[in-house]
Structures are given as structure tokens and as C-alpha cells.
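Protein chains in written order, with the numbering used here: chain A, 1 to 292; chain B, 1001 to 1264.
Backbone N, C-alpha and C fix where the C-beta goes; we use that ideal spot for every residue, glycine too.
All values reported here derive from a predicted model rather than from experimental measurement.
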Amino acid sequence: MSQIAFWGAVELGLVYAFVAVGVFLAFRVLDFPDLTVDGSFPLGAAVTAVLIIAGVNPWLAAAVAMVAGAAAGMVTALLNVRFRILNLLASILTMIALFSVNLRVMGKPNVALINADTMLSPFYGSGLRDFYVRPLFVGILVLVAVVIVWRFLESDAGLAMRATGANARMARAQGVDTSRQIYLGMAISNALVAFGGALFAQTNGFADVTSGVGTIVVGLAAVIIGETLFGARGILIALAGCVLGSILYRIAIQLALSTDMLGLQASDLNFVTAALVTVALVLPRLRRRGAA
Amino acid sequence: MISVKNIKVVFGKGTPLQKQALNGVSLTIEQGSFVTVIGSNGAGKSTLLGVLAGDVLPSEGEVTIGHTDVTRKGTAARAGLVARVFQDPLTGSCGTLSIEENLALAARRGESRGLTPALGAKRREHFRERIAELNLGLENRLGDRMDLLSGGQRQAVSLVMATLAGSEVLLLDEHTAALDPGMAEFVMNLTQKIVTERKLTTMMVTHSMRQALDYGHRTIMLHGGEIVLDVAGDSRKTLQVEDLIAMFRRIRGQTLDDDALLIG
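#1: Quick check on the DSSP output: the beta strand (DSSP E) that includes A:ASN57 runs from which residue to which?
#2: Three Cβ pairs or more, each shorter than 8 Å: is that satisfied between the segment 246-261 of chain A and the segment 150-168 of chain A?
#3: Between A:ALA166 and B:THR1096, how many whole angstroms is the CB-CB distance? I'm expecting something under 8 Å.
#4: In three-state DSSP terms, what is B:VAL1009?
#5: Counting only Cβ pairs nearer than 9 Å, list the residues of chain B close to A:ASN167.
#6: Determine the closest residue to B:LEU1239 out of B:LEU1172, B:SER1033, B:SER1150, B:MET1209, with distance taken between C-alpha atoms.
#7: Which residues of the segment 1101-1132 of chain B have a Cβ closer than 8 Å to any Cβ of chain A? Give them in chain order.
#8: Check whether the Cβ of A:PRO122 sits closer than 6 Å to any heavy atom of the ligand ATP, and report yes or no.
#9: Would A:ALA160 pass as an interface residue toward chain B - the criterion being a Cβ-Cβ separation below 7 Å?
#10: Please state whether the Cβ-Cβ distance between B:GLU1168 and B:GLY1066 is less than 7 Å.
#11: Could you work out which residues of chain A lie near B:GLY1080, taking near to mean beta carbons separated by less than 7 Å?
#12: Could you check where the alpha helix (DSSP H) with B:GLY1137 kicks off and where it finishes?
#13: Can you list, in chain order, the residues of the segment 1057-1076 of chain B whose Cβ is nearer than 7 Å to any Cβ on chain A?
#14: Per DSSP, what are the beta-bridge partners of B:PHE1219 in this structure?
#15: Can you find a CB in chain A that lies within less than 7 Å of the CB of B:ARG1084?
#16: So which of A:PHE41, A:ALA171, A:VAL75 has the shortest CA-CA distance to A:ALA207?
#17: Just checking my contact of B:SER1059 with B:THR1201 at CB under 8 Å: how many whole Å lie between their CB atoms?
#18: When you compare only the Cα positions, how much space is there between B:GLN1211 and B:VAL1035?
#19: Given that a residue counts as buried once 16 or more other Cβ atoms are within 10 Å of its Cβ, and exposed if not, what is A:MET95?
#20: When burial is assigned at 16 or more other CB atoms within 10 Å of the CB, is A:GLN3 buried or exposed?
#21: Buried or exposed: where does A:VAL295 fall if 16 or more other Cβ atoms within 10 Å of its Cβ makes it buried?
#22: Buried or exposed, going by whether 16 or more other CB atoms sit within 10 Å of the CB of A:GLU358?
#23: When the cut-off is 7 Å and only beta carbons count, does A:ALA163 lie next to chain B?
#24: Interface residues of chain B around A:ARG172 at Cβ under 9 Å?
#25: In chain order, which beta strand (DSSP E) runs of at least 3 residues are fully inside the segment 83-160 of chain A?
#26: Residues in the same chain with beta-carbon distance under 7 Å from A:ALA303, minus the five sequence neighbours each way, listed in chain order, please.
#27: What is the residue span of the beta strand (DSSP E) that B:ARG1084 lies within?
#28: Which residues in chain B have a C-beta closer than 9 Å to the C-beta of A:SER155? List them in chain order.
#29: Report all residues from its chain with a CB closer than 7 Å to the CB of B:ALA1053; omit the five preceding and five following residues, and keep chain order.
#30: Quick check on DSSP: helix, strand or coil for B:ARG1145?
#31: Going by DSSP in three states, B:PHE1127 sits in which element: helix, strand or coil?
#32: If you measure between the beta carbons of A:LEU51 and A:VAL64, is that distance less than 7 Å?
#33: Can B:VAL1195 and B:GLU1174 be called in contact, C-beta distance under 7 Å?
#34: Measure the alpha-carbon distance for B:LEU1244 versus B:GLU1062 and round it to whole angstroms.
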């Protein structure tokens, strides 16, 4: 694997770290299996791309993308909380609807950002080569996001959210409005995922309506790899696990695809992902059985 | 102070399984009074507790806790008035959170929750002191996950959790039923101590007639969704478990066929 390919994998891993943290919030903190992310990731990319082309500041465009993602998450929460639709199904409905929404937002299946100003533009040509600049830039944003989410989850408000996922009945008895927590959690989760989509569009120079397919599996893969490596040892470790899991996942994929020996091609990506997640899921169980 | 007026609760209304769980129950519990509630399975004691806690909203009647009308308020909305310990130790706390995180959750019961760190140094110290009072050695394990504790330890911590924030009423839902006899006694003594020290208005649902008479100031027996017995003061002091059973038979004019009532 070349250096460029390696740093490219790290960069993509860091972009998807936002997805991983979002998925962690939904699946692990709220115990809400949320597939909305397959729609909110390209939604973030679409919104940011269209706005940048319209001349909007790229930071502002990313912020609007987050708001759009939060709204998507709230729709899923609404379907679940208000209309009592099973959480998984509610998220699938939003995901499917978002496919059309994303096409409407862009007006076509994909939008290119060639020569447009992005959040990264000021940092290019600063002496550091581009394939270092991008992961460094995204890495700093990931760090900021992780610290914010970590502080939030260890605050009174975050504890209320964690209790909602861990034991809703107890949470209500403690005065926590669990419905509101689901709205809030789904909004934050999907805002993070949409921000990941916005970064994806800005680092890769395009937004594509199909780029959301399998986002949930990638996010879950990162979360599970992180958990397999670090175990359950507190919020900060879990979040760090999400980030590292996301990077390792991308490197593993890159390795698998660049090794001629395996004879894999780019179109085998989804199969390799599924296989990797399966291994990450089965491995801890096998290890436990071995210990017992 | 608790006041319920003519409470009616119907489950499965309009279906073949329709059940009148509470049929016009009225009850006033004075400030600082400790009331025990007994009754056979399906008598309505859990429903009555649920009506007070907000889990069950009555189809008719009025519920007042303190000076607040809570008839239409859900569990979360009235949590500031109601502290509670559940029958199942797993229900009353979050197994995946640490002991101190559970305490932090309970310390803000019914209050707004902001972005302040849940486990500041000051709060930690306060939690440590309160848990140390249990003499279970748990003060050195505050960072441990709650699901590492035994059922009895969890109930003891739940009792502490119930008193970290102020409340108008403490509801105990057969909170020793799932424990072994030794631990049950420990938790009951702890309950007695906490209720007396803090002068809490308390309602304890129990399966054990012994417990019902040994603790508190007043005993209520429910049957078929109605209060069939309500004793307090001197007449209660001389009351024995056998008398209670005889009284129950007389009032209902039927034989007692529920073994659960005789246990304890």
C-alpha cells in the first residue's frame, strides 16, 4: 500500500468517525437501531455541496448540513415516539424517504465541487502536502467532536440520555422525559452523521446520492471493532474506540483491496465489509468460549 | 400528604378481559405517616401504587400529592414529588451505569438537567458519605457498574437514591420480595431508619402480613380493587397476623384460599 493510499484510508476513516460516533449514540447510548444514517450521510453531503456551489461559506454549509441531519433524526424519532412505529422500521422509512429528498436537494444524482472553496481550501499549499493536510484537518475536527460528545455524555443531561437507553422505566421514575431524550439523541446522532457527509463532500469534491448505501454497516463496523479492541471501559474509551475502529476498518479494507494475492476488486467492498463486521462480532464470543 | 379520591382504574376496557383493578378507592395519608398495604394477588395494590407513581392514569377520580393535583401527570412529570423503590432490583437502577452515576441520576430527580459534569468532586464526596452509611463497603466501589452488585446491595443503594433528592412521598413496591431473608431484614431495617430519620410520607406495598404489621403506623388491606380494612393506632398495635386473617374472612365472608397471604 502506497503512502498516499494509506493516508487516504486514514482520512476516510476520520471522516467516517463522525458516522461511528453518531451510530454509537443511537445504538449504544439510546439502544435505538437507527438506519436513518444511510440517508442522513448523503443528505449532509448534498446540502453542503449545493450550498457551496451557491456561494455559501463552506463552514456555514456544513452547519446547515448538521441542521438537516438533525431534522432527519427527529423525523425518525417522531415516527417512533409519537406514532409508535417500531424503531428499526421508523428509521428505514426515513432512510427511504431521504433518498428522494437528496435527489430533490441536488436536482440530479451527483454534484461536483471542482475548484469550489471548501473548509480545507485555506490549508492547501501551506507547505504540507495535500494528502497530509486532509487527515490532519479532519482529525482535529474529530478530536473536537469527541471531546464535546464525551463532556455531554458525562453531564447531568447526558446521564439522562444514557439512562433512557439503559433503563427507560427507571429514567422516567427519576423525572427524565424519555421521549424528549429520544428526539434529542436522534437529532445529535444524525447531525454528526450529516456533518460526516458534509466533510466527505468537501474532502472528496463531490456529493452523490448513492454514497449513503451501507453507511450504517460501516459505522457499526467501526463501533464494534472499537469495542472488540478496548472493551467497555467508560465513555471516553468507547468514543476513542469508535474513531480508531473507523480508521482501522478503512486500513483493513484498503489492505484487502490492494493485495493482489486475494484477487479482490473495488466492487467486492460490500462483501469484505460484511465479512469484517461478522468477524468482529464473532471474535469476542469465540474468545469468551475459549476462556471458559 | 397523599390524597386519592374515588379512583377507578379499568384495564382492557371493552375487551373480554376487562378488569376493574381499582373500584372507587379513596384514601388520605397524612404528612410523615408510614402506611403499609397488603392484599392478595390482583387485589389492586400494585395498581394503587402505579396510580400514585404515575404509571397508571385513572379513568376517574383525583390524585393529590403534597398540594399538587397530579391526576393527569405522567411518571416523569411528577417524579419531583415521588421517590420510589421497585420490587425488582434491576428495575430501580441502571445496570450498565456505575453506582455513582446512578446516584447522580437520582440526585437530580425531578429537576432540570444541564451540562454540569454529573460527577463533580463535591457530589462524589456527598455520595461517598451517603453510601458509607450503609456499612456495606460499597463506598470504595462507587465506580463499579451497578450490575456487579447483589440484589440486596442494589435495593440498599436504591433506598439511598430515593432520598438524595427531596420528595413528598416514598413508594416502596414489595421492595424486599426478591431478596433472601437476611438481606430482606437488612433492607427493612434500613427502610425503617431512613423513613424515621427523614419523616417521610411512605406507602409500602408488601406480601408479608408480618411486615405490614411490624412497620409503619397504619395498615390497609385491598381486595377486589377496594379498601376492605384500614387500621391504625391502638387497635393496630394489638393486632396479630391471625387476627388480620380472621378479620379479612369476616369482612369478605369467604374462605381464604390464597397461600401468599399467609406467608410471613
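Looking at the atomic coordinates:
#1: A:ASN57 -> no beta strand (DSSP E), and no H or E assigned at all.
#2: no
#3: 5 Å
#4: strand
#5: LEU1090, THR1091, GLY1092, SER1093, CYS1094, GLY1095, THR1096, LEU1097
#6: B:MET1209
#7: GLU1101, ALA1104, LEU1105, ALA1106, ARG1108, ARG1109, GLY1110, GLU1111, ARG1113, GLY1114, LEU1115, THR1116, PRO1117, ALA1118, LEU1119
#8: Questions concerning the ligand ATP fall outside what the structure shown contains, since it holds no ligand whatsoever.
#9: yes
#10: yes
#11: GLY175
#12: Looking at the DSSP string, B:GLY1137 is not in any alpha helix (DSSP H), and its letter there is neither H nor E.
#13: THR1075, ALA1076
#14: A small fix is needed here, since residue 1219 of chain B is Thr in this sequence, not Phe. B:THR1036, B:VAL1231.
#15: yes
#16: A:PHE41
#17: Going by Cβ atoms, the distance from B:SER1059 to B:THR1201 rounds to 25 Å, so no, they are not a contact pair.
#18: 11 Å
#19: buried
#20: exposed
#21: Any question about residue 295 of chain A goes unanswered here, given that chain A covers just 1 to 292.
#22: Residue 358 of chain A lies beyond the residue range present for chain A, which begins at 1 and ends at 292; the question has no answer from this structure.
#23: yes
#24: GLY1054, ASP1055, GLY1074, THR1075, ALA1076, ALA1079
#25: 110-112
#26: There is no way to answer for residue 303 of chain A, as the model of chain A reaches only from 1 to 292.
#27: 1082-1085
#28: ARG1113, GLY1114, LEU1115, THR1116, PRO1117, ALA1118
#29: THR1075, VAL1082, ARG1084, LEU1171
#30: strand
#31: helix
#32: yes
#33: no
#34: 29 Å
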